[in-house]
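Working notes, beginning with the structure itself.
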Amino acid sequence: MVASLPERLLRWFDEHARDLPWRREGTTPWGVMVSEFMLQQTPVSRVAPVWEEWMARWPTPSALAAAAQADVLRAWGKLGYPRRALRLHAAATVIAERHADRVPSDVDELLALPGVGSYTARAVAAFGYRRRAPVVDTNVRRVIARVVHGAGDAGPPRATADLADAEALLPADDAAAARFSAALMELGAVLCVSGRPRCDACPVRADCAWLTAGRPEYTGPTRPVQRFAGTDRQVRGRLLDVLRDAPGPVPRDALDAAWSDAVQRDRCLLSLLDDGLVEQLDDVRFALPGERH
Ligand code: SF4
C-alpha cells in the first residue's frame, strides 16, 4: 500500500528532525512558549543559546515574573524586536497570577495572554500539549502553497484561509497532528525553502502540485522585502545596546554617540520610551525600565 502524505512526512521527520533544544524530552509547555516568542523573526541558531540560558535562569513563569524588566531585556540580548521580551514577561506574570503558574493549553486562553497571537497560541497548544491545532508560519504557508495550490510562493497572509488549509492536512489524532505540524514547519525550514527548494530529497514530492506542474514561476502579489541597515529598527537596537551594556543609567551623551543622525536618533529614542523599553530619569539620564541606580 502506498503511504499517505502525512505518513511519509512523519517518517521523514522521525529520521531528519533537527535536534533543537526545545524539542528535547522534558521540555515544559513554558519552555515551548519561551522558544516560540524568541523564534518570531529570529533564526534558530541565534535563539538556541539564549533559550538555554533563559530556561536555566527562569524555568517557570513565576520565576520570570519575579525578575526585573531590565534583567529580562539584558538576557534577551541581541535577539532583536525587544518588545517581545517585555510581552513575554507580562505573559509570565498573568500565567503566574491567574493560571497557577501553568501555561494554558486552550487556544482561546492562550490568545488572551499578552503578546500571544494566532501562531504562538496554536504552536504552544500543539508543541507544548500535543494538541491538534493548525500551526501556520511562513514556512508552512510556503509548503502548502506549493503542495496544495501549485504556486511557488504563498503571497501575503490570509489568516482564515491559511488556517483552513493547514487544518485540512492535519491527521485526526491529537499527537499525530501536533507532530505533523512540526514536520511541515521543518520541511519548509530545511528543504522547501524559498530560494532553491530541494525537491529531489523531499518526502512529499509525489503529492506536490507545484513540482508536478514543472515549478512555474510565481506571478502573484509579493510581500515587501525588509531591509535592516539604516532603519529605525537598527537605531533602536543600537540605543538599547548602550543601555544593556551599561551597569545602570547612562547619560544622554552616550546615546548620542550611538547614532549620528540626530533626527532619526531622537525619533527612535522617543519610540523606545513610548514602548516602555527605556525610561527617562531626568533631563540627561536614561535607563532600562525599573533601573534607577
Ligand atoms: S517537492 Fe519541492 S516544492 Fe514540493 S514540497 Fe517538496 S521541496 Fe517543496
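Counting in my numbering, the sequence shown runs from -10 upward without gaps. Positions of the beta carbon are idealized from the N, C-alpha and C atoms, including for glycine. For clarity, every value in this text was computed on a predicted model and none was experimentally measured.
- Item | Rounded C-alpha distance that separates L99 from A112 | For the purposes of this step, residue 99 is taken as the residue at position 110 of the sequence shown. For the purposes of this step, residue 112 is taken as the residue at position 123 of the sequence shown. Roughly 10 angstroms between the two C-alpha positions.
- Could you spell out where the beta strand (DSSP E) holding F275 opens and where it closes? Mapped onto the sequence shown, residue 275 falls at position 286. F275 -> beta strand (DSSP E) spans R274 to A276.
- Query: The alpha helix (DSSP H) spanning P192 covers which residue range?
  - Reply: Taking the sequence shown and counting its residues from 1, one reaches residue 192 at position 203. Careful: P192 lies outside any alpha helix (DSSP H) and carries neither H nor E.
- Message: I'd like to know whether the C-beta atoms of A243 and V231 end up nearer to each other than 8 angstroms.
- Response: Taking the sequence shown and counting its residues from 1, one reaches residue 243 at position 254. Taking the sequence shown and counting its residues from 1, one reaches residue 231 at position 242. Yes; because the gap between Cβ atoms is below 8 angstroms, this pair is in contact.
- When burial is assigned at 16 or more other CB atoms within 10 Å of the CB, is A74 buried or exposed? Translated into positions along the sequence shown, residue 74 becomes position 85. Under this definition A74 is a buried residue.
- Tell me whether V252 is buried or exposed, calling it buried when 16 or more other Cβ atoms sit within 10 Å of its Cβ. Taking the first residue of the sequence shown as 1, we reach residue 252 at position 263. Under this definition V252 is an exposed residue.
- Query: What is the DSSP secondary structure of V239, counted as helix, strand or coil?
  - Reply: Counted from its first residue, the sequence shown places residue 239 at position 250. Looking at V239 - three-state DSSP - the assignment turns out to be strand.
- Item | Endpoints, alpha helix (DSSP H) assigned at S107 | As a working note, residue 107 is residue 118 in the sequence shown. Element bounds for S107: S107 to A112.
- Just list the alpha helix (DSSP H) runs in the region 59 to 146, keeping only unbroken ones of 4 residues or longer that don't cross its boundaries, in chain order. 72 to 87, 96 to 100, 107 to 112 and 127 to 136
- Query: For E280, which three-state DSSP category applies?
  - Reply: As a first step, residue 280 is located in the sequence shown; it is residue number 291 there, counting from the start. E280 falls in the coil class under three-state DSSP.
- Message: If contacts are defined as beta-carbon pairs under 8 angstroms, then M27 and W40 qualify, I think. What distance do you get, rounded to the angstrom?
- Response: Taking the first residue of the sequence shown as 1, we reach residue 27 at position 38. Taking the first residue of the sequence shown as 1, we reach residue 40 at position 51. Indeed, because the Cβ distance is near 6 angstroms, the residues count as touching under 8 angstroms.
- From T49 to G15, what does the alpha carbon distance come to, in whole angstroms? As a working note, residue 49 is residue 60 in the sequence shown. As a working note, residue 15 is residue 26 in the sequence shown. Going from the Cα of T49 to the Cα of G15 covers about 13 angstroms.
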